[in-house]
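To keep things clear, I will list the structure first and then write my remarks on it.
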Amino acid sequence: MKKIAIYAGSFEPPTLGHLWMMRQGAMLFDELIVVFAVNPDKKGFLTTAQRQKLFSSLEAELPANVRFVELSKGFVADFAVENGARYLLRGIRNAADFEYEKSMARINASMQPGVQTVFLTPPPELENVSSSLVRGFIGQPHWERWVKPIVPDCVFKLLTEETP
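Start counting the sequence shown at 604; every next residue gets the next number (the working numbering).
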């Protein structure tokens, strides 16, 4: 049986931490479906067109068993079942992430008992990297020097072209 996993997030914007997770997922599973979901708790930072452009660029850097899909409505656990995935891939950087992700894993398991959550911890140099951190830097004096080392090149290019 093919091992298919879902790695979902808002990716607002994608970081090197996200890219690390995608590469790890590509090694662990036969197929990794990266779902860029709309999170109703987060204000949109990138347009759908911008995210699609970024994911198209990222897809070219990743193994062939990784594909990107947009999910605008519904639950990720249901999406997993509909796409034959038995695993949800999630990253844990710190204790706060663990508590949140543990709760989400339990909710997803109650929604779809056949779907298991798999947790990965990033290497130390990525454990403090987050999309929120990137968004917080943008617009500050000399923000580029802090953002460039923590996002993929295509993300940095888009951010510098489209940020006043």
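Using N, Cα and C, we set each Cβ at its ideal position, and we do this for glycine too.
Here the structure is a predicted model, which is why all the values come from computation and not from measurement.
Counting along the chain, Gln719 sits inside the beta strand (DSSP E) bounded by residues Gln719 to Leu723. Under DSSP, Tyr610 takes part in a beta bridge, and its partners are Val637. Leaving aside the five residues that flank Val679 on each side, the residues in its chain whose CB is nearer than 8 Å to its CB run, in chain order, Ile609, Ala611, Val638, Ala640, Leu691 and Asn711. Counting along the chain, the unbroken beta strand (DSSP E) around Leu692 starts and ends at Tyr690 to Gly694.
When Gln653, Met630, Ser659 and Thr618 are compared, the shortest CA-CA separation from Glu728 is found for Thr618. Rounded to the nearest whole angstrom, the C-alpha separation of Glu615 and Val732 is 12 Å. Secondary structure of Glu730 (DSSP, three-state): coil. Segment contact: the segment 671-688 against the segment 623-637, three or more CB-CB distances shorter than 8 Å; contact assigned. Contact between Phe648 and Arg738 holds, with the beta-carbon distance rounding to 6 Å and staying under 8 Å.
Arg654 is classed as buried because its beta carbon has at least 16 other beta carbons within 10 Å across all chains shown. With 16 or more other CB atoms across the displayed protein chains lying within 10 angstroms of its CB, Ala688 is buried. Between the beta-carbon of Met625 and that of Val672 there is about 13 Å, and that puts the pair past the 8 Å contact cut. Secondary-structure assignment with DSSP links Val754 through no beta bridge to anything. When secondary structure is reduced to three states using DSSP, Phe701 falls in the helix class. Residue range Val669 to Leu674 is occupied by the beta strand (DSSP E) that includes Leu674.
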